[in-house]
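Residue numbers (the UniProt record's numbering): 1 to 521.
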């Protein structure tokens, strides 16, 4: 440095020296007490993305890991919680600023760690979060959204052609990147996770499929809580996945585990995992405790409480837990005693009961309940003269879908067509104060009905609904609209997919069921 100063008149600053020394990687060893404190605080963060500062200097997690391995080799004392070093430096264990300062759209969903760090003595066999480093250690993070969507589409194409290994790798990469952009519970990465589990299941690797689904359960519980409606919906989807894979006993045992969690008052941050084959084989049926059921399903006039009761009851009924017909009938009766506040919930409970009757082959009972449900739906819709709530329309589609499952396609068509005519009548008057909302609602309804027909029947039944949505968009939009292009492409392709929405409209579309927001300006 002296030669540089004398011969070239170049004087290095203290900052330059500091940066050069830092690049050489010299640092003091972390003391045993410091490591103990860092590990204790990191474990309390339960897998969230973490950075460590010691005396204001960032310390890499792999360096902490090496120090932990050095101070606490296998078989030694792992530092009980009540020990605190006498000379503890200023240690901060926190979420990185790059996460807390993320964009508003991503901030609504906490982004899990890219590589969750825990002490290495927690082996893959006992560490539920080993999925992070085992299945998601790919290069998806940092890729642009267009590339991630391309990877996802290519993976699904490969899966359709039977190339499961390549499909799984591409989809893991896409999932890794999408969860970093949006958070693991956002609909697009969540759907990608379900798709990845399906690939593993079809490749005769149910353990990997369960690892994906268990990881998703943990992220749902961490971000929203065990009893959040979206978490319960996630568990309902897992039960459907297990049943579709002919793993009926595991589905039923998972339903019982959720019952145990309610019975034993589990905390909101404790995830319920899929039981193994051995556990399901060793399990035996048990009767539901009537006292517990009375406590869970106590009569209430509060819509939020009743909605949660319905989700739990529907989940157990789907899992084929015995005795659910009586419970669902009880919920129907309780809701109908509060017609002013719980009319929609009563209809939803009746739909759950119809679904159970169809599943058990009780055809006459299903027919009888379907007629009552149709009458109740008509009354609820006609009582809303300005706009129809989204949850009522969701229940309308569910009721129509149940008719289709019950081999009554004509009744299904009558339910959705009558509802669609009412909706279109609400948007016929441009001067209505709710015009724009009603227009969006109608387009969403038509598109959702088309998707259901595409999934459960055929494109021939679905196409008229996409055409109806396209006609309404073209009629009311005051300028060329991207939804017009989306619908035209779907009609030309004879297929409308989940990815169509996100590929063209992220983040312009708010995804609540399938609620499409269009720009009418």
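Glycine residues also receive a C-beta, built at the ideal position from the N, C-alpha and C atoms.
Bear in mind that the values here come from a model prediction, so they are computed numbers and not experimental data.
Item: C-beta contact flag for residue 391 and residue 344 at 8 Å; Value: yes
Item: Unbroken alpha helix (DSSP H) run spanning residue 436, endpoints; Value: 435-456
Item: For residue 228 and residue 193, the rounded distance between their alpha carbons; Value: 19 Å
Item: Classification of residue 368 by the beta-carbon crowding that lies within 10 angstroms, buried from 16 upward; Value: exposed
Item: Neighbourhood of residue 311 by C-beta, 8 Å cutoff - its chain only, sequence neighbours within 5 removed; Value: 229, 232, 233, 236
Item: Start-to-end residues for the beta strand (DSSP E) that takes in residue 379; Value: Taken as a continuous stretch (DSSP letters only), residue 379 belongs to no beta strand (DSSP E), being part of the alpha helix (DSSP H) at 363-383.
Item: Separation of residue 142 from residue 250, as counted between CA atoms; Value: 37 Å
Item: Same chain only: Cβ atoms within 8 Å of residue 372, ignoring 5 sequence neighbours per side; Value: 350
Item: Per-residue burial, residue 219 [other beta carbons within 10 Å of its own, 16 or more giving buried]; Value: buried
Item: Residue(s) in a DSSP beta bridge with residue 57; Value: 54
Item: Uninterrupted beta strand (DSSP E) stretches inside the segment 220-270 (no shorter than 3 residues); Value: none
Item: Spatial distance of residue 306 from residue 182 (CA atoms); Value: 30 Å
Item: Option nearest residue 354 by Cα separation, candidates 342, 158, 327; Value: 327
Item: Meets three-Cβ-pair contact criterion under 8 Å: the segment 395-402 and the segment 412-430; Value: yes
Item: Boundaries of the alpha helix (DSSP H) in which residue 182 is found, first to last residue; Value: 164-182
Item: Neighbour-count burial assignment, residue 34, 16 or more Cβ in a 10 Å radius; Value: buried
Item: Cα-Cα separation, residue 207 to residue 161; Value: 23 Å
Item: Under 8 Å between C-beta atoms of residue 331 and residue 308; Value: no
Item: Extent of the continuous alpha helix (DSSP H) run through residue 200; Value: 187-202
Item: CB contact flag (residue 225, residue 269, <8 Å); Value: yes
Item: Residue 33, DSSP secondary structure in three states; Value: helix
Item: Within 8 Å, strictly: CB atoms of residue 352 and residue 319; Value: no
Item: Residue closest to residue 445, alpha-carbon to alpha-carbon, out of 457, 434, 421, 459; Value: 421
Item: Ranges of the alpha helix (DSSP H) found wholly within the segment 469-498, counting only runs of at least 4; Value: 482-493
Item: Distance, residue 154 Cα to residue 213 Cα; Value: 22 Å
Item: Outcome for residue 314 when other beta-carbon atoms lying within 10 angstroms are tallied against a minimum of 16; Value: buried
Item: Local Cβ density within 10 Å of residue 278, reported as buried at 16 or more and exposed below that; Value: exposed
Item: Separation of residue 388 from residue 522, as counted between CA atoms; Value: For residue 522 there is no data in the structure shown, the boundaries of the chain being 1 and 521.
Item: Member of 221, 70, 158, 339 whose CA lies at the smallest distance from the CA of residue 302; Value: 339
Item: Local Cβ density within 10 Å of residue 170, reported as buried at 16 or more and exposed below that; Value: buried
Item: Exposure label - residue 485; buried when at least 16 CB within 10 Å; Value: exposed
Item: For residue 438, the nearest candidate out of 384, 61, 157, 200 (CA to CA); Value: 384
Item: Nearest neighbour of residue 294, chosen from 263, 275, 267, 408 [CA to CA]; Value: 263
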